[in-house]
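Number of protein chains: 2
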Amino acid sequence: MIYLDHAAATPMSDKVIEAMRPYFSHDFFNPSAAYLPAKKVAADYEAAKATIAHAIGAKAADLVITAGATEANNLAFNGISRVLYLETEHDSVREVAKQRGGVAIKVLRSGLIDLEDLKAKITDETELISVALVNGEIGVIQPLAEIAAIIREVRLDRLRRGIKTRLLLHSDASQALNLLDVSVARLGVDLLTLNAAKIYGPKGVGALYASHEAKLSPAIIGGGQENGLRSGTENVPGVIGFAKAIELAKEHLNGNRKKYAELKRTLLANLQGYELIVKKHQLDNFVNLCYNGIDGERLVFLLEDHEIYVATGAACAASKGEKSHVLKAIGLSDSEIAGSLRLTLGETNTKEQLEEAARVINEVVAKEQRRLYD
Amino acid sequence: MIYLDHAAATPMSDKVIEAMRPYFSHDFFNPSAAYLPAKKVAADYEAAKATIAHAIGAKAADLVITAGATEANNLAFNGISRVLYLETEHDSVREVAKQRGGVAIKVLRSGLIDLEDLKAKITDETELISVALVNGEIGVIQPLAEIAAIIREVRLDRLRRGIKTRLLLHSDASQALNLLDVSVARLGVDLLTLNAAKIYGPKGVGALYASHEAKLSPAIIGGGQENGLRSGTENVPGVIGFAKAIELAKEHLNGNRKKYAELKRTLLANLQGYELIVKKHQLDNFVNLCYNGIDGERLVFLLEDHEIYVATGAACAASKGEKSHVLKAIGLSDSEIAGSLRLTLGETNTKEQLEEAARVINEVVAKEQRRLYD
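As you go down the protein sequences, you meet chains A and B in turn. For the first sequence, the working numbering assigns the number 1 to the initial residue and increments by one for each residue that follows. For the second sequence, the working numbering assigns the number 1 to the initial residue and increments by one for each residue that follows.
Put into structure tokens, the structure is as follows:
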């Protein structure tokens, strides 16, 4: 098997499973219980939250643990009514934003945010701007610090004019942590979404970082866990696994960057007849190919026969049979979108695998071209 | 260790962990991806949902997987405005109900619902009635079928008078599945909350059963998973584990009932100087003791020194330092509430353990009485 869809899902690392194991049936106590072993579990849970928080330069108290990135994105928008969001955002941002009077900010052909469009669309009512650090489909890294600088200007201007509406910056960093050193202060974000399942951690665990400014409204109410913002008995093994995963991601950051840059070079050097959809400002484990005139979905199935697993776009969009709104937003034609492939590299990949993958992709594409045009 | 707090948390069964293991790092694919191994994972996920649904006499399509019972309870109330709820409900029902114009239904001294009070409080506007099948603090089993019969009467009457407001019955069955054969048809519920973490399954996984009548509103929006009602990449290992746990609970139902009835008899035969808070209509693994004049919280700490772990009430209420609203509702005085202990039996317990626990509890209580009153 050559798995090239790490943006859709990552296998749990052995070290993550190992870290979680004691909490399954040994340290299984309810962290809210009064006796010592439960208090030890509560302390371990808090320590894990601190590890996750520190990895992004934050404190445990600023973190709300959720059941994944989608819930975290929903929570970020809770109680907020005027939002701007990048048109290439994931559905969990787009759909929520639309419900909350959301206006889309354009992207350039490069996939980067159109900063002029952003500036033009900020009004005195705008409360939140949501821009993913790394796009899940095309891996484009957005200039969050520049966006944050624009927001600071607006805030200052509002202050001068006595306008009390706050303006927050939210970013979904789900895809970023394997390759970028993420710091909430450096990025200038008020809200940041994290996702364990994309960094070799457990599924169904995520977090929302929220600065004091953000003043979140509770999304799920009940027993009062997570400072009352997200009630429900804590998923202790999940959070322990998340902490281990983020720790490992941090540890391997430099190695990963080098590794994926090299793997990507190998892949592209061996592939033929493609166009690169994104050429710059892209995370090194993303490769977006376009074979114009060929059906990408058919390629996915043909490659499957060779146990090579790739995607055309985001998994959840694919399952709904929708055309990629991301590729459309950056200006690709329908036939270019139809001919696109997303390859996302990860820990399971080797140089040999990518040479082999390139060889098979070339072969399959050539066969398809002959079938269609000869 | 003698663990007597199974209502707060249960250890994951080895068989559950075994069932989940392949989905950690082998069958880790995103169920929404297009290639075969991902489709196999999606099929396994659906099969697990079917197993959970069948255990309560429902279909997989009627089930929304959530990150736990609290989220399921929140989802059940989503978009509904006039509700009645039993005053002894868990905070995840009470707090949500209060936000939605909720009116509390009284309980009798027995802990059972006051059916006359229920009837008196149903108005033409009432949309939802929420009564947990088994109370999490005192294990009282509510007569849901009787409540459902009352609701059917009201529906019929509304139909006759041309009132279009629907009336739904919701029940939190989190604590029930180890000992009761739960069937949505027999109970007559439209909405039913399930919780994996209370039946030796994984933490952070639950479900809401919803009949067609219920017409749920989406709680978390995004990629459109769970029929659009609860978006987010599926927690595949969690749901696989939940299915195994509910299967095991079903399998051991009769054995469990016998086992816990016997264990409870052993415990009560060996304990001295207590009063039973609940004498009838109680799940067999619940034992609620009252030592009037003694501080239950102090007993919890004293028993901890003997590695015997018990509770005074629900874990989440305990951690907030609140007095039990449940014991208050059934009419206990402040000093009776202060002197209460909740012992909940489970798979980790043996007859010898309960004899030993009774011996130590007697000793500790006697010592406390001497300290206070001699």
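Beta carbons are placed, not taken as given, at the ideal position from N, Cα and C, and that holds for glycine.
Check: So, are the CB atoms of S130 of chain B and V184 of chain B less than 8 Å apart?
Finding: no
Can a CB atom of chain B be found closer than 8 Å to the CB of F286 of chain A?
Cβ-Cβ to chain B under 8 Å: no for F286 of chain A.
Original post:
Helix or strand or just coil, what does DSSP make of L108 of chain B?
Top reply: L108 of chain B: coil per DSSP, three-state reduction.
- Output yes or no for whether 8 Å exceeds the beta carbon distance between G139 of chain A and V278 of chain A. yes
Return the residue from the list A:P22, A:E226 and A:L191 that minimises the CA-CA distance to S32 of chain A.
A:E226
Going by other Cβ atoms of all chains shown within 10 Å of its Cβ, with 16 needed for buried, is D27 of chain A buried or exposed?
By the C-beta density criterion, D27 of chain A is buried, having at least 16 other C-beta atoms within 10 angstroms.
- prompt: How would you call G201 of chain B, buried or exposed, if buried means at least 16 neighbouring beta carbons within 10 angstroms?
  reply: By the neighbour-count rule (16 or more Cβ atoms within 10 Å), G201 of chain B is buried.
Under the three-state reduction of DSSP, which class applies to V83 of chain B: helix, strand or coil? strand
Below 8 Å on the Cβ atoms is my contact criterion, and I expect G339 of chain A with G293 of chain A to pass it. Report the Cβ-Cβ distance as a whole number of Å.
6 Å
- [ ] Consider the C-beta atom of R257 of chain A and the heavy atoms of the ligand MG; say whether any pair is separated by less than 7 Å.
- [x] This structure simply doesn't include the ligand MG, nor any ligand for that matter.
I'd like to know if Y35 of chain A contacts chain B, where contact means its C-beta is closer than 8 Å to some C-beta of that chain.
yes
* So is R256 of chain B buried or exposed if we call it buried at 16+ other beta carbons inside 10 Å? -> Looking at the sequence shown, residue 256 of chain B is not Arg but Asn. Buried is the call here.
Consult DSSP for N135 of chain B and reduce its assignment to one of helix, strand or coil. coil
| Limits of the alpha helix (DSSP H) - the one that D91 of chain B falls within | D91 to Q99
request  = Taking only beta carbons into account, state which residues of the stretch 42-74 of chain A come closer than 9 Å to chain B, listed in chain order.
outcome  = A42, T66, A67, G68, A69, T70, E71, N73 and N74
Q) Under a three-way DSSP split, which group does Q225 of chain A fall into? A) coil
Between which two residues does the alpha helix (DSSP H) holding Y45 of chain B run? Residue range L36 to A55 is occupied by the alpha helix (DSSP H) that includes Y45 of chain B.
For this session: Kindly say whether I233 of chain A, judged by its beta-carbon, lies nearer than 8 Å to any beta-carbon of chain B.
Result: The sequence given here places Thr at residue 233 of chain A; Ile does not occur at that position. At least one chain B Cβ lies under 8 Å of T233 of chain A.
### A7 of chain B classed as buried or exposed, judged by whether at least 16 other C-beta atoms fall within 10 angstroms
buried
Alpha carbon to alpha carbon, how far is V41 of chain B from I330 of chain A? Give it in angstroms, no decimals.
If you take the alpha carbons of I330 of chain A and V41 of chain B, they lie about 32 Å apart.
**Asked** According to the Cβ coordinates, are S174 of chain B and A97 of chain B closer than 8 Å?
**Response** Not closer than 8 Å, so no.
*Compare the C-beta of D91 of chain B against all C-beta atoms of chain A and say whether one is closer than 8 Å.*
yes
Original post:
Tell me, which residues are paired with F286 of chain B by DSSP?
Top reply: DSSP lists B:T344 as partners of F286 of chain B.
According to DSSP, simplified to helix, strand and coil, what is D375 of chain B?
Because residue 375 of chain B is not part of the residues shown, which for chain B are 1 to 374, the question remains open.
Exercise. Answer with buried or exposed for H325 of chain A, where buried requires no fewer than 16 other C-beta atoms within 10 angstroms of its C-beta.
Key: buried
CA nearest to the CA of A260 of chain B, picked from B:L248, B:T193, B:E347 and B:F301
Checking the sequence shown, residue 260 of chain B turns out to be Tyr, not Ala. The candidate whose alpha carbon is nearest that of Y260 of chain B is B:E347.
| So, helix, strand or coil for V189 of chain A, using DSSP? | coil
Secondary structure at V103 of chain B, three-state DSSP: helix, strand or coil?
strand
CB contact check: A197 of chain B to chain A, cutoff 8 Å:
yes
Could you work out which residue in B:R158, B:Y209, B:A53 and B:L156 is closest to A72 of chain B when comparing CA atoms only? B:Y209
Helix, strand or coil: how does DSSP classify I220 of chain B here? Reduced to three states, the DSSP call for I220 of chain B is strand.
For G313 of chain B, count neighbouring C-beta atoms within 10 Å of its own C-beta (all shown protein chains included) and say buried if the count is 16 or more, exposed if not.
-> buried
Taking the continuous beta strand (DSSP E) assigned at S171 of chain A, which residues delimit it?
L168 to D172
Practice item. Quick one: which residues of the stretch 111-123 of chain A get their C-beta closer than 7 Å to a C-beta of chain B? List them in chain order. Key: Answer set for the stretch 111-123 of chain A: empty.
- On the three-pair Cβ rule with 8 Å, is the stretch 51-68 of chain A touching the stretch 206-221 of chain A? yes
**Request:** Kindly say whether Y309 of chain A, judged by its beta-carbon, lies nearer than 8 Å to any beta-carbon of chain B.
**Result:** Yes, Y309 of chain A counts as interfacial toward chain B.
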